[in-house]
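Asker:
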Amino acid sequence: MAEIVLVDRDGKETPVQGRVGVSLMETLRDLDNGVAAICGGMCSCATCHVWVDEAWVAKLPPCQGDELELLREMSSFKPNSRLSCQVPFTEALSGLRITIAPDD
Ligand code: FES
1 MAEIVLVDRD GKETPVQGRV GVSLMETLRD LDNGVAAICG GMCSCATCHV WVDEAWVAKL
61 PPCQGDELEL LREMSSFKPN SRLSCQVPFT EALSGLRITI APDD
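The sequence shown: position 65 = 65 (my numbering), numbered continuously.
#1: Can you tell me which of the three DSSP states leucine 6 falls into?
#2: Taking 7 angstroms as the cut-off, is the beta-carbon of isoleucine 4 closer than that to any non-hydrogen atom of the ligand FES?
#3: Using 8 angstroms as the threshold, is the C-beta distance between tryptophan 56 and threonine 99 below it?
#4: What are the uninterrupted segments assigned as alpha helix (DSSP H) that are 4 or more residues long and contained completely in the region 54 to 88, given in chain order?
#5: Whole angstroms are fine: how far does the CA of serine 76 sit from the CA of methionine 25?
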């Protein structure tokens, strides 16, 4: 089982079992303190925005194209911002620490 360390909008840190083989968003949207993911993963709503712990940023596929464009429009954008629907979650990412970004 692969674990995600989730920091919610209240700053509370919780370990969560991540669903492997699907996007990170698929795990997060099932949680009460996760993400809304309104567009269902179509890279058009940005309601799945998370900040990735600096130690993990380089271990993810790069943020580019539509994802980066959409993120840059957000006031809560940071260099470690990702749309969780665009991040495939794998066993190798077990321990990944993310923070749910505020509603924009
Ligand atoms: S779920 Fe809409 S952009 Fe990720």
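Cβ coordinates follow ideal geometry from the N, Cα and C atoms, glycine included.
Answerer: In terms of the structure at hand:
#1: Along the sequence shown, read from residue 1 onward, the residue named residue 6 stands at position 6. Shown here, leucine 6 sits in a strand according to DSSP, grouped into three states.
#2: The residue you call residue 4 lines up with position 4 of the sequence shown. Answer for isoleucine 4: no, Cβ out of range of the ligand FES.
#3: Within the sequence shown, the letter at position 56 stands for residue 56. Within the sequence shown, the letter at position 99 stands for residue 99. No, these two residues do not count as a Cβ contact at 8 angstroms.
#4: Segments of the alpha helix (DSSP H) lying fully in the region 54 to 88: 54 to 57, 65 to 72.
#5: Along the sequence shown, read from residue 1 onward, the residue named residue 25 stands at position 25. Along the sequence shown, read from residue 1 onward, the residue named residue 76 stands at position 76. Their Cα atoms are separated by approximately 18 angstroms.
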